[in-house]
Structures are given as C-alpha cells and as structure tokens.
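Comments concern the structure below.
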Amino acid sequence: MSSVRVRFPPSPTGLCHVGTARMAVLNYLFAKKNGGTIFFRSEDTDKERSKPEYEEDIKEQLMWLGLSWDEFSRTSELVAVHSAAMQKLVDEDTAYISKEKSAKEPGKTVEIVRLRNPGKIVTFADEIRGEITFDTTELKDFALGRAIDDPLFHFAVVVDDATQGITHVIRGEDHISNTPRQILIQEALGYSRPVYAHYPLLLGADRSKLSKRMGDVAVRSYREMGFLPQALLNYIANVGWTPPSGKEILSLEEMVQEFELKDLHKSGAVFDMEKLRWYNRHYLLRIPEQDFSAGATAILKEAIASRNLPWDERVAHALAPVIRERISVWQDLRDLIHEGEFDFFFSDPTPEAARIAHKGISSADTIRHLEIMKKSLDGSDDAVYDDPERIKARVFEYAGSEGRGAVLWPLRYSLTGREKSPDPFSVAHIIGKGASVRRIDNAIQLLKSI
RNA sequence: GGCCCUAUCGUCUAGUGGUUAGGACAGCAGCUUUUCAAGCUGUUAACUCGGGUUCGAUUCCCGAUAGGGUCACCA
Numbered sequence: 310m311s312s313v314r315v316r317f318p319p320s321p322t323g324l325c326h327v328g329t330a331r332m333a334v335l336n337y338l339f340a341k342k343n344g345g346t347i348f349f350r351s352e353d354t355d356k357e358r359s360k361p362e363y364e365e366d367i368k369e370q371l372m373w374l375g376l377s378w379d380e381f382s383r384t385s386e387l388v389a390v391h392s393a394a395m396q397k398l399v400d401e402d403t404a405y406i407s408k409e410k411s412a413k414e415p416g417k418t419v420e421i422v423r424l425r426n427p428g429k430i431v432t433f434a435d436e437i438r439g440e441i442t443f444d445t446t447e448l449k450d451f452a453l454g455r456a457i458d459d460p461l462f463h464f465a466v467v468v469d470d471a472t473q474g475i476t477h478v479i480r481g482e483d484h485i486s487n488t489p490r491q492i493l494i495q496e497a498l499g500y501s502r503p504v505y506a507h508y509p510l511l512l513g514a515d516r517s518k519l520s521k522r523m524g525d526v527a528v529r530s531y532r533e534m535g536f537l538p539q540a541l542l543n544y545i546a547n548v549g550w551t552p553p554s555g556k557e558i559l560s561l562e563e564m565v566q567e568f569e570l571k572d573l574h575k576s577g578a579v580f581d582m583e584k585l586r587w588y589n590r591h592y593l594l595r596i597p598e599q600d601f602s603a604g605a606t607a608i609l610k611e612a613i614a615s616r617n618l619p620w621d622e623r624v625a626h627a628l629a630p631v632i633r634e635r636i637s638v639w640q641d642l643r644d645l646i647h648e649g650e651f652d653f654f655f656s657d658p659t660p661e662a663a664r665i666a667h668k669g670i671s672s673a674d675t676i677r678h679l680e681i682m683k684k685s686l687d688g689s690d691d692a693v694y695d696d697p698e699r700i701k702a703r704v705f706e707y708a709g710s711e712g713r714g715a716v717l718w719p720l721r722y723s724l725t726g727r728e729k730s731p732d733p734f735s736v737a738h739i740i741g742k743g744a745s746v747r748r749i750d751n752a753i754q755l756l757k758s759i
C-alpha cells in the first residue's frame, strides 16, 4: 500500500480565503492521521491574476493557523513537464491544435490545444458521496492549453497530481463537475486515478458560496480583527466535520487523532460569525494573564491615543481583567474604546447632577452617602486599592444597611459618569485612590450646586 | 436552461425501521447584581412535501419541490 500523499493547491490570485484555509486544514488532518506527505502547490497557471504576494499571504496565513507542509512546487516552474505531456497527446492525436479567433484579443488568431473527447460515461467513487456518474459528451473537445507550452488549470492539475504521486484529492464540492474532465485527461495520459473526496462548501448568510460580497473572507482580515488562530482553525474544521467524540473544542492534535474522511458532511454549511466569536472567546479566556494583559495594553495604547486621552500605564494594566470579561475578540476592545465606553478610566468623567442620586433618593441623602464613601475611601491605605474585593469589603456593610442602590449607584455614577459600567469597586481599584476621591468630591459639589 | 450534489430547530449538527428526536451557538426567562458585562439555571424551536416498502417510517426506495455547484482561451 503506497503511503498517503495529499496536496494544498491554492491559486495565488487573491489573499488567503477562509475556504482555502479550510481546504488546507482538512487535507492536513487526513495526511497527518495517515502519516502522509503534504505538497503545497502554488497553481499559478493564470499568469495575469497570479501574484507572488498572494502566494506569500497564503503561506503566511496557513502557517499562522499552525499548518505546515512537506514539499513545495509552483506550477509555472513545471511547464516543461506539462508541455511534454501535451505534446505526447498531440503526437498520439488524442489532442489537437485548433486555430481559433482569440476570445481575449479580437482579431488575433490563437492555437488552442484541445482534447479529442471520447465522449464516454465516467463514473468515479467519492469517499464522501459514493458513486458519481457523468456523461462527458457535453464537455465537447475542451481546452488543455492556450498553447503547447501554456497549460490550462485542468491539464496542469492532472499532470502535477500524477507527477507528485498524489493519492488523495480532497477538495470542495465545487470541483465535482471538474472531476470527469480531469479523469478524461488522466486516462488519455495513462495515469492512475487518485481517491477523490469532495467536501461541502462554506456558505454565506444567503447560502451561496462564501465570497467577498458577503463580507470578510480573507484569513488576514480575521487575524487583523484579533481572532486567535486556534479559534479560527477549530471553527473552520468543525463546520463540515464532526469528530466521533462529538467534541466541539479540539486542538489540532486532537483533530488529527479523530479525523476520518467518512465523517465529513455532505451538505453546505453557513459560516456563522457568532459561533466563531464564541470559539474565540473560549480561547481568549484561556490565554495566560501576562499575555492577555500585554495584548490588551497594546490595543488600549493606540485606541486611547486616538481619542486624545492621557495614557496611564498603571490604569491600563489594572484594566485587563475587566476587558477580558467583556470581549470575544480583540476588535471588540477597539470598538468599546472608540464608542467612548472606557474614557472614564483615563480622564475624569462629567456626570450630570440630575443623575447622581439613585431613583427615589433625595439629594441630601445622596450627598450624605457620598461624603461617607469619600471619607472611607480616602481613609483607606493604598494596599486596599490593590484588590477590588477589599474596597468592596470597606464600603459594602454601609451600603447594605443604607440601601445598596442608594449608596452604590451614586458612587458608581460619580466614578464613571455613565449609566452602564463595571462595578464601582473595580473602577476604584483601577483608577486608584486619588482619582476616586477626587471624582466623588466633584459629584458632591455638583449636587450641592443645584 | 443541461448536468451534478444536497435536504433534522434561526445557524452548526447528533441520531434511529418503534426515541419524550439529543447537543452547541444565537434567542428568551429566572437567579445573582446599584447598572452593564460575565456567570449559573431553566426554556422556546426541527425531521421540506407526495407516493410507495413495512405492523410501523425522520430513517429505506421513487418522484416533486427547494437550495447549492458547474457548464472559459479562470482557477
């Protein structure tokens, strides 16, 4: 039994697409599970649209996801092999050169190489879907190359698959209709047939093939939004495949252990951003505190600067736990800051006097409560501010006896100037003693002035 | 339109010739809570339709319908 050999055959005509990443993951899992070899084949047969930077992006994003490959080839560099194969077909009269008017350049005549289609019925076994049969007559004498030395996609694919000894072709179902013509080329060339497995496509919200029109499809975009590679990898592998264990959260190693082609689904699946966000939050919650803090600080620093607020390293660091509780993806943090949700951590808020008192509580009582809070917080030594729980312990008994809302609402509102925010203990901890006391005092003065 | 593929909650899915058709995300409710977020608990919601086969079909077969893919001198 020959060993397994699979391929990642992206065409470098655009940034790495999530569909490309999914193709790579599925092939990777199958290869690793079976101790196989992976060929990364850059299919740059379209000279006009292929760009080196796209090839770079695809490699970069796949590596970012944690994938790897064993061998690399570039279709354009194998043209000699393709030409020889095509020439052989022409010599055998299995293919012929046809002089035609150029479809691209009006007026020009070109020599297209076409296969003499035997027009037979082709049946192939698909590992996921069973037997699939086509009548290839309708394919006519399809084109193999724009010239003997300028192969078209299907021809190059077949020759490269055979030359590289590919045993399993695992690709999206959009290639099912391409399979019979590739088989015709294979047979003309006398190659053996690989095992085929066509998995379902990733769909947009409208259930059509995921495309740029539906929003972000570039892996790079997800990376820039702050999705973690494990989360994206886990998600794209799990939509369209269910491991026997039924687990939803799996590491790449666990996926390899569980992978079987037969567990791939048959029907297309809608790409669900909410589910992806859920995966991301799961992984974000598990990254080490130090790393999370460093990541949050970097984003905060830039976003806070863009709002022209003074930077405070200590505040930023203390803010990390609050941030972790509120975001699913790093981009959420940028959004939060740009919406002004976190301004009060870096500069004193401007509360409205009328909103300071809790509902149904008089201004006089509120001033009294705030005076006591201020005194209590002012009298606390700095160590108390190291831990929100200690601040809470400091004021909670009073709040409990006087009515939590009556005391805690004005305290929190004084500190944040917002109807909605994290709790006052966390806020006081983060902004520190000086700012806390100052803000409470501001609120008291504001209340007295009306 | 021809050909091909597919069909279970809104979404991703599990599953079986006899089940209270299970889970996850989202939603909703409650708890907790000064607010928000988080967390915890509970909960709404599905077998596309019509014929067969069968004692019995969500499950097997056929058809319809719907959705998708593909029909290049793109990949």
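Numbering (the working numbering), first residue to last: 310 to 759. Heads up, the beta-carbon is just placed ideally off N, CA and C, and yes, glycines get one too.
Exercise. Roughly how many angstroms lie between the CA atoms of residue 587 and residue 737, to the nearest whole one?
Worked result: Working through the first sequence from its first residue, we reach residue 587 at position 278. Working through the first sequence from its first residue, we reach residue 737 at position 428. When rounded, the distance between both Cα atoms is 30 Å.
Problem set entry | Nearest to residue 429 (by Cα), restricted to the options 450, 421, 456, 438 | As a first step, residue 429 is located in the first sequence; it is residue number 120 there, counting from the start. Nearest option by C-alpha distance: 450.
For this session: Any chance you could list the alpha helix (DSSP H) runs of at least 4 consecutive residues sitting entirely within the stretch 662-710, in chain order?
Result: 662-665, 672-688
Exercise. According to the Cβ coordinates, are residue 420 and residue 441 closer than 8 Å?
Worked result: As a working mapping, residue 420 is identified with position 111 in the first sequence. As a working mapping, residue 441 is identified with position 132 in the first sequence. Result no, Cβ atoms of residue 420 and residue 441 do not sit closer than 8 Å.
Problem set entry | Helix, strand or coil at residue 486 [DSSP, three-state] | Indexing the first sequence from 1 puts residue 486 at position 177. Residue state, collapsed to three classes: helix.
Problem set entry | Residue from 603, 711, 685, 723 with nearest C-alpha to residue 660 | Within the first sequence, residue 660 is the residue found at index 351, counting from 1. When only C-alpha atoms are compared, the closest one is 723.
Problem set entry | Classification of residue 370 by the beta-carbon crowding that lies within 10 angstroms, buried from 16 upward | As a position in the first sequence, residue 370 is number 61, starting the count at 1. Classification for residue 370: buried.
Exercise. For residue 517, which residues does DSSP report across the bridge?
Worked result: Taking the first sequence and counting its residues from 1, the one referred to as residue 517 is at position 208. In the DSSP output, where bridge partners are listed per residue, residue 517 has none listed.
Exercise. Can you find at least 3 beta carbon pairs, one from the stretch 528-544 and one from the stretch 629-647, that sit closer than 8 Å?
Worked result: yes
Problem set entry | Inter-residue spacing [alpha-carbon to alpha-carbon] between residue 677 and residue 725 | Indexing the first sequence from 1 puts residue 677 at position 368. Indexing the first sequence from 1 puts residue 725 at position 416. Their Cα atoms are separated by approximately 19 Å.
Exercise. Taking Cβ positions, are residue 507 and residue 460 nearer each other than 8 Å?
Worked result: Here residue 507 refers to the residue found at position 198 when the first sequence is read from its first residue. Here residue 460 refers to the residue found at position 151 when the first sequence is read from its first residue. Not a contact, by the Cβ cut-off of 8 Å.
Exercise. Taking the continuous beta strand (DSSP E) assigned at residue 530, which residues delimit it?
Worked result: Reading the first sequence from its first residue, position 221 is the one you call residue 530. That residue, residue 530, is in no beta strand (DSSP E); its alpha helix (DSSP H) goes 528-534.
Exercise. Taking the runs of the beta strand (DSSP E) that are 3 residues or longer, which of them lie wholly in the stretch 444-468?
Worked result: 452-456
Problem set entry | Buried versus exposed call for residue 310 [16 or more other C-beta atoms within 10 Å across all chains shown] | Position 1 of the first sequence, counted from the first residue, corresponds to residue 310. Because the pLDDT of residue 310 is 49, which lies under 50, any placement of that residue in the model is unreliable, and the question is left without a value.
For this session: Indicate the three-state DSSP secondary structure (helix, strand or coil) for residue 433 in the structure shown.
Result: Counted from its first residue, the first sequence places residue 433 at position 124. Strand at residue 433.
For this session: Kindly examine the ligand ATP and report whether one of its heavy atoms sits closer than 7 Å to the Cβ of residue 643.
Result: This structure lacks the ligand ATP, and indeed carries no ligand of any kind.
For this session: Please determine, among 748, 368, 509, 474, the residue with the shortest C-alpha to C-alpha distance to residue 349.
Result: Taking the first sequence and counting its residues from 1, one reaches residue 349 at position 40. It is 368 whose Cα lies nearest to the Cα of residue 349.
Problem set entry | Per DSSP, cross-strand counterpart(s) of residue 407 | Locating residue 407 in the first sequence gives position 98, counting from the first residue. Residue 407 pairs with 421.
Problem set entry | Selected residue, minimal CA-CA separation from residue 458, among 422, 358, 403 | The sequence position of residue 458 within the first sequence is 149, counting from 1. Measuring from the Cα of residue 458, the nearest candidate turns out to be 422.
For this session: Under 8 Å by Cβ, that's how I've got residue 403 and residue 425 pegged, so tell me the actual separation to the nearest angstrom.
Result: The count along the first sequence starts at 1 and reaches residue 403 at position 94. The count along the first sequence starts at 1 and reaches residue 425 at position 116. At roughly 6 Å, the Cβ-Cβ gap stays under 8 Å, so residue 403 and residue 425 are in contact.
Exercise. Among residues of its own chain, excluding the 5 on either side of residue 483, which ones have a beta-carbon nearer than 8 Å to its beta-carbon?
Worked result: In the first sequence, residue 483 corresponds to position 174, counting from 1. So the qualifying residues of the chain are 510, 518.
Problem set entry | Cut-off 6 Å between Cβ atoms - residues of its own chain near residue 573, not counting five sequence neighbours on either side | Taking the first sequence and counting its residues from 1, one reaches residue 573 at position 264. Closer than 6 Å at the Cβ level, and outside the excluded window around residue 573, lie 437, 508, 550.
For this session: Along the beta strand (DSSP E) that carries residue 380, what are the first and last residues, could you check?
Result: Locating residue 380 in the first sequence gives position 71, counting from the first residue. Run containing residue 380: 380-383, per the beta strand (DSSP E) assignment.
For this session: With a cut-off of 8 Å on the beta carbons, I'd call residue 465 and residue 384 a contact; round off their distance for me.
Result: Taking the first residue of the first sequence as 1, we reach residue 465 at position 156. Taking the first residue of the first sequence as 1, we reach residue 384 at position 75. That belief holds up - the Cβ atoms of residue 465 and residue 384 are roughly 5 Å apart, short of 8 Å.
Exercise. Is residue 506 helix, strand or coil by DSSP?
Worked result: As a first step, residue 506 must be located in the first sequence, where it is residue number 197. Of the three classes helix, strand and coil, the one that applies to residue 506 here is strand, per DSSP.
Exercise. Does the stretch 566-584 come close enough to the stretch 597-606 to have 3 or more Cβ pairs within less than 8 Å?
Worked result: no
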